[in-house]
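S.K.: Chains as they are written, first to last, in my numbering: chain A, 17 to 452; chain B, 471 to 802. Encoded as structure tokens, here's the structure I'll be asking about.
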């Protein structure tokens, strides 16, 4: 049963790039493939400096159950494996490839199953070997999500086309331009987890995407569900609740309530991997904010330096005061454009000095706005006060680990308190304590 | 060269700030203020000016002493405290007494605790009750409302609630109060504090605050509904001894209290459940004081008592956390 999740906020959506069709950019002069493209163990490199690699060739192998391999997005020469700035701000080893301009690809069809004859178990291996990870931002290896344990029956796969972050329009464009790939990926995902139903969840601010999906000749058991606009509806637990009324238990996973959620981009990648044997080497992302001269939605090779995306699309209109990897609500601030596109990069936003209001953090006035805004029904002001005053003992009692870090509390706070940041600090403190 | 700012997410912030909330409440109080000035004239203006300027100066002084800088003066909370204090005083209150009220409100009610956000009690109400207990005669002499009187001389007139209490003591019935009309208290033609005499003007302000989302419905609705239901029950039981619920809604400081004082962010609960408990509590105490207490009016006492109960209400009205049964343990 559909229902509205509790809490949430309504930032202006600023989806100014929604009309911009997905475009290509020229191949950069250097590709830097971070070995940490995903949550979990970093991939282990299987190439060395001086090797020539082909497009789609595996350059780093999976190194654990929660991990994913990495493939070359174009042909070229491996220059080395060096620490390279990751969007998280850390230096992480990356495979440096100098493209040779040929874009010579391996023949991937021997790995493909265009007739869909090989069956679910083989498809899961294909998804794993294609290096697919969640493209909504968290970059969790997809094959793990498609392989729930026996005692967790799945009855529904949700295609997440919510894209509730302001400014981002990559998923929106993908739904307009490749609805059949998404639906094909959705059908494959359903068979892989043994689900009978599939729902595509789209917010009402994307009526054209809804129409395109509905008109895409939905198979039996498929449904498109239009949701009222509310951030963070794209968060898995909130989306499942909004679509089904099922509450993922505290500390649990979507599979505990019989649901698997996949971002629409991830589903299209599943389709590419199974139908054509193509591994995950490129993704669609939004270039936006107030500064870029060429804002839009771009299909970019994984490993592309962010500076190349900005430069090859016309540069910026002025000096950047804020650079955000992802959306403005949950994305991370970058110090510059030295890092690269990873598999989880959904957007790159650049803003000038005047685009954000000045903040004046003060004491909590107990207005309750954060309590009303919290989609997890937490009491963020209490958690914030506890961390501010070093009262870490009470954090668990106030369910700090149920926080999804969506930032609604900070967004609404009239005292400009960065509550979610205190909550992150509190969680980190608890983790540190549990290790001692 | 422009510096690149590195801050944790979220990078977007809503336009809502403490300033906007405070100034919205001040704006919402303007209709009530205007009625007060219209009926009590220069005397009312005198009290407003003394109270607001007094609160601002004292707040500035306290901030200086605490080494905090004067930035916090701009948040509007001191001005709002001054405005609310004035609205809760008779227009004939002597000037020095208004200033004593300002000292109590800002220094004892707010700054000694650490300023905005830390005060357990509504500062304006602390001051009003302090003055009421210290100077009972001055604080219960109510000038008669007349169309913009220019003179400082006043003719006193009992408040409807005061008259009811007197009648009860003298005769055991509410007497004429049973026939009390609705229009006078709606439009401001009744004895009372400067800012409480027009239920209609206050209601307009309250609805504005609800519409702007500055306050939620929980406290005012639960407060007013409790007063209405309880006084209604007594009235049905014995209309000679108890006044009608409509009379109780529009007289005294109920509208001012329910929309502007009980809803004070700092001193009221944070969850919807807690706000309803708080509103019901305010309503019960108000009614029992009005019907059976020694004072004719109980709104100030009711809100202050419930302010004291706010921490414990917060403790027992926590939200149920998503994915949990009780808000504590995980569902298995």
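Note that CB positions come from ideal geometry on N, CA and C, so glycine has one too.
Which residues in the same chain as residue 801 (chain B) place their Cβ atom closer than 7 Å to its Cβ, once the five residues preceding and following it in sequence are excluded?
M.R.: In this prediction, residue 801 (chain B) scores a pLDDT of 39, lower than 50, which makes its location untrustworthy; the coordinate-derived value is nonetheless stated afterwards. 793, 794 and 795, listed in sequence order.
S.K.: If you check the beta carbons only, do residue 556 (chain B) and residue 723 (chain B) fall under 8 Å apart?
M.R.: In this structure, residue 723 (chain B) does not lie closer than 8 Å to residue 556 (chain B) by Cβ.
S.K.: In angstroms with no decimal places, state the Cα-to-Cα distance between residue 86 (chain A) and residue 276 (chain A).
M.R.: Computed Cα separation, rounded: 24 Å.
S.K.: Excluding the 5 residues flanking residue 198 (chain A) on each side, which residues of the same chain have their C-beta closer than 6 Å to its C-beta?
M.R.: So the list reads 280, 283 and 284, once near-sequence residues are dropped.
S.K.: Check the Cβ-Cβ distances between residue 626 (chain B) and every residue of chain A, and say whether any is below 8 Å.
M.R.: Not an interface residue.
S.K.: Between residue 675 (chain B) and residue 502 (chain B), how many whole angstroms is the CB-CB distance? I'm expecting something under 8 Å.
M.R.: Confirmed, Cβ separation roughly 6 Å.
S.K.: Determine the burial state of residue 351 (chain A): buried for a count of at least 16 other Cβ atoms within 10 Å of its Cβ, exposed for fewer.
M.R.: With fewer than 16 other Cβ atoms within 10 Å, it is exposed.
S.K.: Return the chain-ordered ranges of every beta strand (DSSP E) run that is complete within the stretch 269-323 of chain A and spans a minimum of 3 residues.
M.R.: Counting whole runs of 3 or more residues, the stretch 269-323 of chain A contains the beta strand (DSSP E) stretches 275-279, 298-305 and 312-317.
S.K.: Using three-state DSSP, classify residue 600 (chain B) as helix, strand or coil.
M.R.: Reduced to three states, the DSSP call for residue 600 (chain B) is helix.
S.K.: Counting only runs that start and end within the stretch 360-404 of chain A, where is the beta strand (DSSP E) found for 3 or more residues in a row?
M.R.: 363-367, all fully within the stretch 360-404 of chain A.
S.K.: If residue 116 (chain A) and residue 93 (chain A) are in contact, beta carbons under 8 Å, what's the gap, nearest whole angstrom?
M.R.: With 8 Å as the limit, residue 116 (chain A) and residue 93 (chain A) qualify as a contact, their Cβ atoms being about 6 Å apart.
S.K.: Return helix, strand or coil for residue 177 (chain A), following the three-state DSSP convention.
M.R.: Strand.
S.K.: Any residues in the stretch 524-556 of chain B with a beta carbon nearer than 7 Å to a beta carbon of chain A? Which ones, in chain order?
M.R.: If the cut-off is 7 Å between Cβ atoms, the stretch 524-556 of chain B has nothing near chain A.
S.K.: Mind checking if residue 395 (chain A) is an interface residue toward chain B, Cβ cutoff 8 Å exclusive?
M.R.: Output row for residue 395 (chain A): interface = yes.
S.K.: Would you say residue 345 (chain A) and residue 482 (chain B) are within 8 Å of each other, going by their C-beta atoms?
M.R.: Yes.
S.K.: Does the Cβ-Cβ distance between residue 108 (chain A) and residue 99 (chain A) come in under 8 Å?
M.R.: Yes; because the gap between Cβ atoms is below 8 Å, this pair is in contact.
S.K.: Taking any Cβ of chain B, which residues in the stretch 361-375 of chain A have a Cβ under 9 Å from it, in chain order?
M.R.: Listed in sequence order: 365, 367, 368, 369, 372, 373 and 375.
S.K.: Can the beta-carbon of residue 207 (chain A) be found closer than 8 Å to that of residue 136 (chain A)?
M.R.: Going by C-beta atoms, residue 207 (chain A) is nearer than 8 Å to residue 136 (chain A).
S.K.: Buried or exposed: residue 439 (chain A), going by 16 or more other Cβ atoms within 10 Å of its Cβ?
M.R.: The residue in question, residue 439 (chain A), is buried, as its Cβ has 16 or more Cβ neighbours within 10 Å.
S.K.: Would you check if the distance between the CB atom of residue 189 (chain A) and the CB atom of residue 313 (chain A) is smaller than 8 Å?
M.R.: Contact flag set, yes.
S.K.: Please report the straight-line C-alpha distance between residue 799 (chain B) and residue 253 (chain A), rounded to a whole angstrom.
M.R.: Confidence in residue 799 (chain B) is poor, its pLDDT being 44 and thus under 50, which makes the residue's placement too unreliable to answer from.
S.K.: If distances are taken between C-alpha atoms only, which option among A:18, A:47, A:154 and A:310 comes closest to residue 453 (chain A)?
M.R.: Because chain A spans 17 through 452 in this model, residue 453 (chain A) falls outside it and cannot be assessed.
S.K.: Check whether chain B comes within 8 Å of residue 262 (chain A), counting only Cβ atoms and requiring the distance to be less than that.
M.R.: No - not a single Cβ of chain B is within 8 Å of the one on residue 262 (chain A).
S.K.: Give the secondary structure of residue 693 (chain B) by DSSP, where H, G and I count as helix, E and B as strand, and everything else as coil.
M.R.: Helix.
S.K.: Determine which residues share a DSSP beta bridge with residue 627 (chain B) and list them.
M.R.: None; residue 627 (chain B) has no bridge partner.
S.K.: Alpha carbon to alpha carbon, what distance is there between residue 225 (chain A) and residue 292 (chain A)?
M.R.: Straight-line Cα distance between these residues: approximately 25 Å.
S.K.: Within the continuous alpha helix (DSSP H) that includes residue 219 (chain A), where are the two ends?
M.R.: Per DSSP, residue 219 (chain A) belongs to no alpha helix (DSSP H); it is in the beta strand (DSSP E), 213-219.
S.K.: Using the Cα positions of residue 628 (chain B) and residue 505 (chain B), report the straight-line distance between them to the nearest angstrom.
M.R.: Straight-line Cα distance between these residues: approximately 18 Å.
S.K.: Taking its Cβ as the centre, do 16 or more other Cβ atoms sit within 10 Å of residue 518 (chain B), making it buried, or is it exposed?
M.R.: The residue in question, residue 518 (chain B), is buried, as its Cβ has 16 or more Cβ neighbours within 10 Å.
S.K.: How many angstroms separate the CA atom of residue 239 (chain A) from the CA atom of residue 173 (chain A)?
M.R.: Those two C-alpha atoms are separated by around 11 Å.
S.K.: Span of the beta strand (DSSP E) holding residue 97 (chain A)?
M.R.: Unbroken beta strand (DSSP E) run through residue 97 (chain A): 92-101.
S.K.: Can you tell me which of B:588, B:693, B:584 and B:564 puts its alpha carbon nearest to the alpha carbon of residue 748 (chain B)?
M.R.: Measuring from the Cα of residue 748 (chain B), the nearest candidate turns out to be B:693.
S.K.: For residue 489 (chain B), tell me which candidate among B:702, B:592 and B:544 has the shortest Cα-Cα distance.
M.R.: Of B:702, B:592 and B:544, the residue nearest in Cα terms is B:544.
S.K.: Is the CB of residue 792 (chain B) under 8 Å away from at least one CB in chain A?
M.R.: It does: the Cβ of residue 792 (chain B) has a partner Cβ on chain A nearer than 8 Å.
S.K.: Under 6 Å Cβ to Cβ from residue 266 (chain A), same chain only, skipping five residues before and after it: list those, please.
M.R.: So the list reads 418, once near-sequence residues are dropped.
S.K.: Please state whether DSSP places residue 172 (chain A) in a helix, a strand or coil.
M.R.: Strand.
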